[in-house]
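**Student:** Take a look at this one; I'll ask things after.
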Amino acid sequence: MKILLTGNPNVGKTTLFNALTGAHNRTGNYHGVTVGVSEKNSSKRLALGLIADLPGLYSLDGMSMEEKLAAKYIDDQKGDFLVVQVADAEHFKRSLKLTDSLLSRGLPVVLVLTMCKKFRARGGKLDCGRLSEALGIRCIETDALRRKSVKALAEALKEVFLSLPLYKEKCRLSPLRDKKFFSEASSNTLSTGDSFGKYFSTAYSPAPVGADKLTNLCLNAFFALPAFFALIGLVFFFTFGEHMPGVRLKEALEGLIERFAGFCGGRIESPVVKSLVCDGFLGGIGSVLSFVPQIALMYLFLDFLEESGFMSALAFMTDGLFSKIGLSGRAAFSVLLGYGCTAAAIVSTRALEEKTIQKRAVACLYFVPCSAKLPVYLTLLSSVFENTFLGALLLYILGTGMGLAVAAFLKKDDSIFLMEIADICFPDIFFVIKKLLFQIKQFIIKISTTVLAFTLVVWFLSSFSFSGACSAEDSFLAHICFVLKYAFYPMGITDWRAAFAAVSGLIAKENIAGMLSVLFPEGVHFSFPSACAYLTFIALIPPCISAIAACAGELGRKTAWGYAALQTAFAFLCAYLVWFFLSGGAPVAFAALSVFGAYSLGRRLCKGRGKKKKLKIRENISERVYRG
């Protein structure tokens with residue numbers, strides 16, 4: 022048994038896919054969330070076989086990348102399968118175009134209606150039994166967030182699949198194949214005298230036309246953008262502000278880890294084992310785990326925006342700004358996703374209109390700070406600066422601003438931005454919490470696997486040499502990183518440990534915070550210019566290896582590693598300049614810029630005069646030749 026989930030964008034296909042399979046694919050109340058085909062067997066409890074989640078499409082003959090991908094996948098299917106078209110109850114009639122397109126291919130189609138509760142709350146009327154009689158295909162109402170409803174849907178699909186040959190014939194004879202009936206069914210106004218209208222009054226009655234007040238308010242430029250930036254500022258304040266929940270929870274968790282480390286250290290007699298447990302394991306992993314509350318607050322903010330539908334309104338509001346730098350409003354989705362995970366954000370750029378726009382968006386996302394950089398920022402900021410809130414905000418602004426500047430630098434052409442705007446609604450709080458818990462779980466799993474393995478390897482290399490246990494300066498790692506430290510000298514960093522910690526972020530950005538805790542048990546102590554230069558470098562370096570791999574999958578390995586190499590060189594250059602400027606080079610830099618500016622201006626003026634003289638001479642010569 023194979024089921025293909027298809028339908029218009031933003032109707033709940035992926036949410037239903039997750040409910041049927043137990044997967045945790047990204048969902049969101051906006052267009053373009055699903056940009057590829059996902060396949061997975063259903064849960065054992067439902068026993069539906071293989072289920073495929075297709076990108077949103079309006080017709081099998083569509084021109085967008087998502088529509089072509091979905092249409093090709095459907096056309097390539099062989100054997101017995103069932104097409105489950107997911108439709109939003111509120112926009113049911115619009116979905117009939119796709120239904121007609123599927124039926125014209127001779128495919129067995131089951132129509133599943135979602136968001137029915139919201140539809141009825143707005144004044145709509147729906148009877149799936151009578152609707153099935155009118156359309157000649159099975160229509161089922163479901164709520165993907167309710168287990169009972171999902172189970173009922175699974176039983177109905179099993180029933181259809183058992184009589185698949187007969188159901189195919191029923192679909193072939195569907196009244197929708199009649200063009201007159203289709204035009205009547207999909208029209209905005211129906212009379213009770215036509216072939217579909219006799220069921221219309223009892224089967225389906227649309228809700229009053231027009232967006233609700235909340236949607237209209239969020240589409241108001243004078244409200245939406247100020248509200249968004251105010252919300253971001255509020256989230257940053259609650260996350261990083263002194264005496265705020267984010268900082269309080271972080272300190273509490275940090276205290277628990279320290280007490281547990283002290284408890285373990287007091288009961289371990291062997292110095293090597295004690296160092297392994299306290300410095301290697303708890304020092305590296307514990308330092309990253311202590312930032313989980315703050316990361317959770319950032320994820321909660323992003324999840325709320327995704328599920329509320331505000332992201333589509335934000336894309337609409339920011340399209341004018343993004344178009345000036347060679348992107349479109351849809352790139353706002355990817356930028357916001359980049360604050361969570363750069364790899365996921367890069368994959369989401371697949372939904373952008375053109376390949377050139379996608380390349381600019383990916384180049385921008387290389388600079389956008391992800392959630393994994395947050396522990397690094399806070400580790401360094403707390404050891405050097407008093408105001409971590411202001412420092413973290415400036416670093417996020419630096420990364421985002423530099424990304425947008427790179428996109429503007431690469432701008433070559435303009436494009437047309439078309440997108441469906443979702444209705445704004447208050448998301449299901451239980452679903453948001455479930456999504457948040459899964460994200461935190463994935464973060465902890467990543468820390469306990471990749472980061473832990475890397476941390477333990479580094480602890481061993483920094484604690485031993487050929488002669489046995491030794492200090493970090495005489496260890497294997499010190500000899501390996503002997504040359505690496507020279508690249509960091511121009512930013513005032515003379516310690517090879519800091520150089521290695523920065524480079525380790527290529528595997529996972531969380532590694533940097535872990536390495537600083539393992540290699541600096543006494544604490545990180547940088548001068549102000551060196552700390553600013555080091556933070557600038559961390560903020561501007563390329564993303565982790567998984568994000569680069571995602572870029573390689575979208576744009577090719579050459580482009581992915583080319584972006585990474587250029588960005589690394591740029592990060593070093595900016596860090597060098599920051600250290601030079603803050604360590605007493607500001608007057609020299611100002612003088613050099615003044616001399617360079619004066620030289621450029623003088624050259625431009627002289628060059629312009631020379632051109633005028635040459636032009637005049639050429640005019641005289643041409644006049645003489647003409648006269649001669």
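Numbered by the working numbering, the letters in the sequence shown go through residues 22 to 649 in order.
Note that the Cβ used here is the ideal one computed from N, Cα and C, for glycine as well.
Tell me whether G412 is buried or exposed, calling it buried when 16 or more other Cβ atoms sit within 10 Å of its Cβ.
**Tutor:** Counting from 1 along the sequence shown, the entry for residue 412 is found at position 391. With 16 or more other Cβ atoms within 10 Å, it is buried.
**Student:** Measuring alpha carbon to alpha carbon, tell me which of Y320, M319, R351, R159 ends up nearest A334.
**Tutor:** In the sequence shown, the residue the question calls residue 334 occupies position 313. Checked all of Y320, M319, R351, R159; the closest Cα to A334 is R351.
**Student:** List the DSSP bridge partners of S486.
**Tutor:** Within the sequence shown, the letter at position 465 stands for residue 486. In the DSSP output, where bridge partners are listed per residue, S486 has G489.
**Student:** Output the distance between the C-alpha atoms of A353 and A519, rounded to the nearest integer angstrom.
**Tutor:** As a working mapping, residue 353 is identified with position 332 in the sequence shown. As a working mapping, residue 519 is identified with position 498 in the sequence shown. The straight-line gap from Cα to Cα measures roughly 34 Å.
**Student:** To the nearest angstrom, how far is the alpha carbon of E154 from that of C192?
**Tutor:** Numbered from 1 along the sequence shown, position 133 holds the residue referred to as residue 154. Numbered from 1 along the sequence shown, position 171 holds the residue referred to as residue 192. For E154 and C192, the distance between alpha carbons rounds to 12 Å.
**Student:** Against chain D, with Cβ distances strictly below 8 Å, would A110 count as a contact?
**Tutor:** The structure shown contains no chain D; it holds only a single protein chain.
**Student:** Straight-line CA distance for I673 to A365?
**Tutor:** Nothing can be reported for residue 673, as the shown portion of the chain is limited to 22 through 649.
**Student:** Skipping 5 residues on each side, what residues in its chain have a beta carbon closer than 8 Å to that of K380?
**Tutor:** Counting from one through the sequence shown, the residue named residue 380 turns up at place 359. Here the set comprises L431, L576, T580.
**Student:** Just reading off the alpha helix (DSSP H) that D324 is part of, what are its end residues?
**Tutor:** The residue given as residue 324 occupies position 303 in the sequence shown. 313-329 is the span of the alpha helix (DSSP H), which, as asked, contains D324.
**Student:** Starting from N532, follow the alpha helix (DSSP H) in both directions and report where the run begins and ends.
**Tutor:** Looking up residue 532 in the sequence shown gives position 511. Counting along the chain, the alpha helix (DSSP H) containing N532 begins and ends at 531-540.
**Student:** Could you tell me the distance, in whole angstroms, from the CA atom of F521 to the CA atom of C502?
**Tutor:** The residue labelled residue 521 in the question sits at position 500 within the sequence shown. The residue labelled residue 502 in the question sits at position 481 within the sequence shown. Looking at the two C-alpha atoms, the distance is approximately 7 Å.
**Student:** Does the region 374-394 come close enough to the region 235-249 to have 3 or more Cβ pairs within less than 8 Å?
**Tutor:** no
**Student:** Can you tell me the Cα-Cα spacing of A273 and I306, whole angstroms?
**Tutor:** As a working note, residue 273 is residue 252 in the sequence shown. As a working note, residue 306 is residue 285 in the sequence shown. Approximately 16 Å between the Cα atoms of the pair.
**Student:** Do the region 408-427 and the region 539-554 make contact, defined as three or more Cβ pairs closer than 8 Å?
**Tutor:** no
**Student:** Just to confirm the assignment: which complete alpha helix (DSSP H) runs, minimum length 4, are found wholly within the region 359-401?
**Tutor:** 363-369, 376-386
**Student:** For my contact list, D74 and F38 are in at a C-beta cut-off of 8 Å; report their separation, rounded to the angstrom.
**Tutor:** As a working note, residue 74 is residue 53 in the sequence shown. As a working note, residue 38 is residue 17 in the sequence shown. Right, the Cβ-Cβ distance comes to about 4 Å (below 8 Å), so this counts as a contact.
**Student:** Taking C-alpha atoms, which residue in L303, L318, S291, M22 lies nearest to I11?
**Tutor:** One cannot answer for residue 11 here, as it falls past the ends of the chain, which runs 22 to 649.
**Student:** Around the C-beta of Q588, are 16 or more other C-beta atoms found within 10 angstroms, so that it is buried, or is it exposed?
**Tutor:** Reading the sequence shown from its first residue, position 567 is the one you call residue 588. Counting Cβ neighbours within 10 Å, Q588 comes out buried, since at least 16 surround it.
**Student:** When burial is assigned at 16 or more other CB atoms within 10 Å of the CB, is V504 buried or exposed?
**Tutor:** Against the sequence shown, residue 504 aligns to sequence position 483. Exposed, since its Cβ has fewer than 16 Cβ neighbours within 10 Å.
**Student:** If distances are taken between C-alpha atoms only, which option among R578, Y225, L69, Y188 comes closest to G127?
**Tutor:** The sequence position of residue 127 within the sequence shown is 106, counting from 1. Considering only alpha carbons, the answer is Y188.
**Student:** Ignoring anything shorter than 4 residues or poking outside the region 237-270, list the alpha helix (DSSP H) runs there in chain order.
**Tutor:** 242-261
**Student:** Measuring straight from C-alpha to C-alpha, what distance separates D109 and T120?
**Tutor:** As a first step, residue 109 is located in the sequence shown; it is residue number 88 there, counting from the start. As a first step, residue 120 is located in the sequence shown; it is residue number 99 there, counting from the start. Computed Cα separation, rounded: 13 Å.
**Student:** Determine the direct distance from the alpha carbon of A619 to that of V646, and round the result to whole angstroms.
**Tutor:** Here residue 646 refers to the residue found at position 625 of the sequence shown. Here residue 619 refers to the residue found at position 598 of the sequence shown. No answer about V646 holds up, because its pLDDT of 40 lies below 50 and its placement is not dependable.
**Student:** When the Cβ atoms of the region 323-339 are set against those of the region 524-542, are three or more pairs found closer than 8 Å?
**Tutor:** Taking 8 Å as the limit for Cβ pairs, the verdict is that the region 524-542 does not touch the region 323-339.
**Student:** Pull up the CB-CB distance for A568 and T363, whole angstroms please, since I reckon it's below 8 Å.
**Tutor:** Walking along the sequence shown from the start, residue 568 turns up at place 547. Walking along the sequence shown from the start, residue 363 turns up at place 342. Going by Cβ atoms, the distance from A568 to T363 rounds to 4 Å, so yes, they are a contact pair.
**Student:** Check whether the Cβ atoms of G157 and L194 sit closer than 8 Å, and answer yes or no.
**Tutor:** Translated into the one-based positions of the sequence shown, residue 157 becomes position 136. Translated into the one-based positions of the sequence shown, residue 194 becomes position 173. Taking a C-beta distance under 8 Å as the contact criterion, G157 and L194 qualify as a contact pair.
**Student:** Can you tell me whether DSSP reads F571 as helix, strand or coil?
**Tutor:** Position 550 of the sequence shown, counting from 1, holds the residue named residue 571. Here residue 571 turns out to be Ala, not Phe, going by the sequence shown. In the structure shown, A571 sits in a helix (DSSP, three-state: H, G or I).
**Student:** Count the other C-beta atoms from every protein chain shown that fall within 10 angstroms of the C-beta of K633, then say buried if there are 16 or more, exposed otherwise.
**Tutor:** Position 612 of the sequence shown, counted from the first residue, corresponds to residue 633. Because K633 sits at a pLDDT of 48, beneath the cut-off of 50, its placement in the model cannot be relied upon, and the following sentence gives the value as read from the coordinates. It counts as exposed.
**Student:** Does Y79 come out as helix, strand or coil in the three-state DSSP assignment?
**Tutor:** Position 58 of the sequence shown, counted from the first residue, corresponds to residue 79. The answer is coil: DSSP assigns Y79 none of H, G, I, E or B.
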